[in-house]
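Engineer: Have a look at the structure that comes next, please.
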Amino acid sequence: MRFFSLTVLALLLFSCAEEKAAESTPAAAIIDQLKAEYAPDKRVARWFIQDELEQGQVVLRGETNLPEAKAALLEQLQQQEINYIDSIELLPSANLEGKLYGLVNVSVANIRSEDKHWGEMASQVLLGTPLKIMKKVREGWYYVQSPDGYLGYLDQGAITLLDEMAFRSWQQAPKVIYWKDFGFSTLLPDNNSQRISDLVIGALLKKGVSNSQHTEVIYPDGRTAFVPTQDLETMEGWLDQASVEPDDLIATAKRFVGRPYLWGGTSGKGMDCSGFTKTVFYLHGMILQRDASQQVHTGIEVKTDSTLAGLQKGDFLFFGRITEEQKEKITHVGIYMGDGLFIHSGDDNPGIRIQSLKPGTPNFAPHRLASLMRARRMWAEPGKHDVQLIKDSEFYSLAVLD
């Protein structure tokens with residue numbers, strides 16, 4: 058009898074919970090519609106809005122980093138004469154107390170999908186990379202946005218927080234990019250003196266005094282160090298001379314052959330497939346979307362098939378499959394080198410390597426040929442088709458921020 062009573066009670070509770078979950082407010086459809094319109098990709102847009110009915114009013118809670126989407130929501134509610142209470146927080150959060158910007162302060166910082174060190178690594182950002190700070194999640198963790206628009210969680214030890222004035226000052230200051238594969242900065246202008254930190258290609262630091270042997274560099278947190286001058290290029294010179302010629306792009310890509318595959322990696326220490334393509338183009342002054350499934354929608358479409366006709370050096374090759382719902386799913390990307398060769402970072406490879414799509418040739422990858430789905434040309438018109446130039450980015454350019 059007791060078991061029967063408990064079973065009935067459980068069924069009643071489940072029924073009530075199901076009925077409550079099925080309830081929807083007059084705002085629910087509008088919230089879903091605006092999510093599809095403004096925030097279809099949660100990797101680059103935050104739209105976490107909850108709606109509940111309380112005493113005949115719709116109470117809106119949650120957060121978004123899309124002011125135009127929130128404005129559209131409130132406008133539609135007003136047009137439909139729906140009574141509401143707005144408790145939606147617009148990011149960046151007020152709890153940041155004006156420190157809305159950040160600079161990466163370590164050689165490579167890991168952006169995670171959760172606010173914990175054991176959370177999945179979603180991406181990486183290099184030393185000196187500017188960030189937008191969205192909110193402080195808890196002690197020691199921040200929700201941030203990188204220059205490619207990616208959102209994720211970063212631990213406080215990896216960044217220096219700045220208010221707008223300090224951030225503008227950093228943007229305006231002369232900077233250098235580290236151009237050697239790996240190395241170290243040192244306490245004194247002597248390569249054998251105490252090391253300050255490791256460095257990887259692509260790191261950005263403020264430039265101090267310089268001579269033919271060593272250049273003083275200043276970290277985002279104010280530390281000073283010295284780096285061999287021959288390993289540096291001024292940021293201005295780098296961006297002015299950045300080449301988009303396919304042969305130059307491929308030469309840069311080949312510098313990474315043999316580096317390990319790393320899920321979420323975008324640095325010389327290890328890269329996943331799209332982290333590799335993104336890093337190559339970053340070193341040539343361009344910002345690409347983070348993931349292969351995003352990159353496939355940028356650049357100029359190139360028609361291709363198993364004959365590889367129409368491809369040119371430097372084109373991106375996208376691989377994937379058709380799902381049971383007959384939808385295309387892009388899972389991999391590489392860079393075409395000509396004559397059937399492509400370079401990529403795959404989890405089935407012993408690191409970044411060059412393979413072939415032509416049967417009967419050395420390093421032929423039959424599974425890649427079978428899964429080739431699309432090709433895009435990113436290098437043809439930089440600054441267009443969602444291939445952004447670093448010098449035009451509000452993250453890097455003082456003029457754009459103004």
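Just add 57 to the spot in the sequence shown (first one is 1) and you have the numbering used here. By construction, the Cβ of each residue, glycine as well, lies at the ideal position given by its N, Cα and C atoms.
How about the stretch 176 to 195 and the stretch 125 to 143: do they share at least three Cβ pairs that are nearer than 8 Å?
Structural biologist: With the cut-off at 8 Å, the stretch 176 to 195 and the stretch 125 to 143 do not touch.
Engineer: If you draw a straight line from the C-alpha of Asp238 to the C-alpha of Gln213, how long is it?
Structural biologist: When rounded, the distance between both Cα atoms is 26 Å.
Engineer: Just verifying my parser: in three-state terms, what is the DSSP assignment at Phe139?
Structural biologist: Reading off the sequence, residue 139 comes out as Ile, not Phe. Coil at Ile139, not helix or strand.
Engineer: Taking C-alpha atoms, which residue in Ala432, Ile106, Ala84 and Tyr235 lies nearest to Gly113?
Structural biologist: Comparing Cα-Cα distances from Gly113 to each of Ala432, Ile106, Ala84 and Tyr235, the minimum goes to Ala84.
Engineer: If you reduce the DSSP assignment to three classes, tell me which class Tyr339 lands in.
Structural biologist: Helix, per DSSP.
Engineer: Roughly how many angstroms separate the alpha carbons of His354 and Asn249, rounded to a whole number?
Structural biologist: Roughly 48 Å separates the two Cα atoms.
Engineer: So Lys326 and Val161 are supposed to be a Cβ contact under 8 Å. How far apart are they, rounded?
Structural biologist: So it is not a contact: roughly 14 Å between Cβ atoms.
Engineer: Select from Ser81, Pro317 and Ile234 the residue whose C-alpha is nearest the C-alpha of Asp288.
Structural biologist: The shortest C-alpha separation from Asp288 is found at Ile234.
Engineer: Is there at least one Cβ from chain D nearer than 8 Å to Arg118's Cβ?
Structural biologist: Within the model displayed, chain D is absent; a lone protein chain is all it includes.
Engineer: Return the chain-ordered ranges of every alpha helix (DSSP H) run that is complete within the stretch 283 to 330 and spans a minimum of 4 residues.
Structural biologist: Whole alpha helix (DSSP H) segments, 4+ residues: 292 to 298 and 303 to 311.
Engineer: Quick one: Cα of Thr217 to Cα of Phe421, how far?
Structural biologist: Rounded to whole angstroms, Thr217 to Phe421 spans 46 Å at the Cα level.
Engineer: Less than 8 Å between the beta carbons of Lys192 and Lys232, yes or no?
Structural biologist: Cβ distance not < 8 Å, so Lys192 and Lys232 don't count as in contact.
Engineer: Please list the terminal residues of the continuous alpha helix (DSSP H) segment that includes Leu365.
Structural biologist: Run containing Leu365: none; DSSP gives neither H nor E here.
Engineer: Name the one or two DSSP bridge partners that His389 has.
Structural biologist: According to DSSP, which records beta bridges pairwise, His389 is partnered with Phe376.
Engineer: Could you check whether the stretch 440 to 450 touches the stretch 393 to 409, counting it as contact only if at least three pairs of C-beta atoms, one from each stretch, sit closer than 8 Å?
Structural biologist: Judged by Cβ distances under 8 Å, the stretch 440 to 450 makes no contact with the stretch 393 to 409, as fewer than three pairs qualify.
Engineer: Can you tell me which of Phe224, Asp247, Leu134 and Asp348 puts its alpha carbon nearest to the alpha carbon of Val206?
Structural biologist: Residue identity check: residue 206 is Gly in the sequence provided, not Val. When only C-alpha atoms are compared, the closest one is Asp348.
Engineer: Can the beta-carbon of Ala283 be found less than 8 Å from the beta-carbon of Leu319?
Structural biologist: Note that residue 283 corresponds to Phe in the displayed sequence, not to Ala. Not closer than 8 Å, so no.
Engineer: So, using beta-carbon positions, are Gly209 and Ala179 closer together than 8 Å?
Structural biologist: Going by C-beta atoms, Gly209 is nearer than 8 Å to Ala179.
Engineer: Can you list, in chain order, the residues of its chain whose CB lies under 7 Å from that of Leu296, leaving out five sequence neighbours each side?
Structural biologist: So the list reads Gly342, Ile447 and Lys448, once near-sequence residues are dropped.
Engineer: Starting from Gln352, trace the alpha helix (DSSP H) both ways and give me its first and last residue.
Structural biologist: Unbroken alpha helix (DSSP H) run through Gln352: Ala349 to Gln352.
Engineer: Give the straight-line distance between the Cα atoms of Ser300 and Ser331, rounded to the nearest whole angstrom.
Structural biologist: Taking the straight line joining both Cα atoms gives about 20 Å.
Engineer: By the three-class DSSP mapping on this structure, what secondary structure does Asp238 have?
Structural biologist: Coil, per DSSP.
Engineer: Taking the beta carbon of Gln90 as the centre, do at least 16 other beta carbons fall within 10 Å, making it buried, or is it exposed?
Structural biologist: Answer is exposed; the Cβ neighbour count stays below 16.
Engineer: Could you tell me which of His424, Gly403, Ile139 and Gln202 sits nearest to Gly315, measuring between CA atoms?
Structural biologist: If we check each option's Cα against that of Gly315, Gly403 comes out closest.
Engineer: Would the beta-carbon of Phe105 fall within 8 Å of that of Glu120?
Structural biologist: Cβ distance < 8 Å, so Phe105 and Glu120 count as in contact.
Engineer: The beta strand (DSSP E) spanning Pro187 covers which residue range?
Structural biologist: Here the beta strand (DSSP E) through Pro187 covers Pro187 to Arg195.
Engineer: Give the secondary structure of Phe452 by DSSP, where H, G and I count as helix, E and B as strand, and everything else as coil.
Structural biologist: Reduced to three states, the DSSP call for Phe452 is coil.
Engineer: Nearest CA to the CA of Asp278: which residue from Thr286, Ser254, Met292 and His271?
Structural biologist: Here the closest residue by C-alpha is Ser254.
Engineer: Apart from the five residues on each side of it in sequence, which residues of its chain come closer than 7 Å, Cβ to Cβ, to Tyr339?
Structural biologist: Hits under 7 Å: Gly259.
Engineer: Nearest-angstrom Cα distance between Ala102 and Ser150?
Structural biologist: Between Ala102 and Ser150, the C-alpha separation is close to 15 Å.
Engineer: In the DSSP assignment, find the alpha helix (DSSP H) that holds Arg425 and state where it starts and stops.
Structural biologist: Element bounds for Arg425: Pro423 to Ser428.
Engineer: Measuring alpha carbon to alpha carbon, tell me which residue in Val194, Gln107 and Gln202 is nearest Gln181.
Structural biologist: Among Val194, Gln107 and Gln202, the Cα nearest to that of Gln181 belongs to Gln202.
Engineer: Span of the alpha helix (DSSP H) holding Tyr95?
Structural biologist: First-last of the alpha helix (DSSP H) with Tyr95: Ala85 to Tyr95.
Engineer: Since Met222 is in the alpha helix (DSSP H), which residue starts that stretch and which ends it?
Structural biologist: Start and end: Glu221 to Gln229.
Engineer: I'd like the list of long-range same chain contacts for Ser144, defined as Cβ closer than 7 Å, with 5 residues on each side in sequence excluded.
Structural biologist: Around Ser144: Val116, Leu117 and Arg118.
Engineer: How many angstroms separate the CA atom of Gly322 from the CA atom of His389?
Structural biologist: Their backbone Cα atoms lie some 14 Å apart in a straight line.
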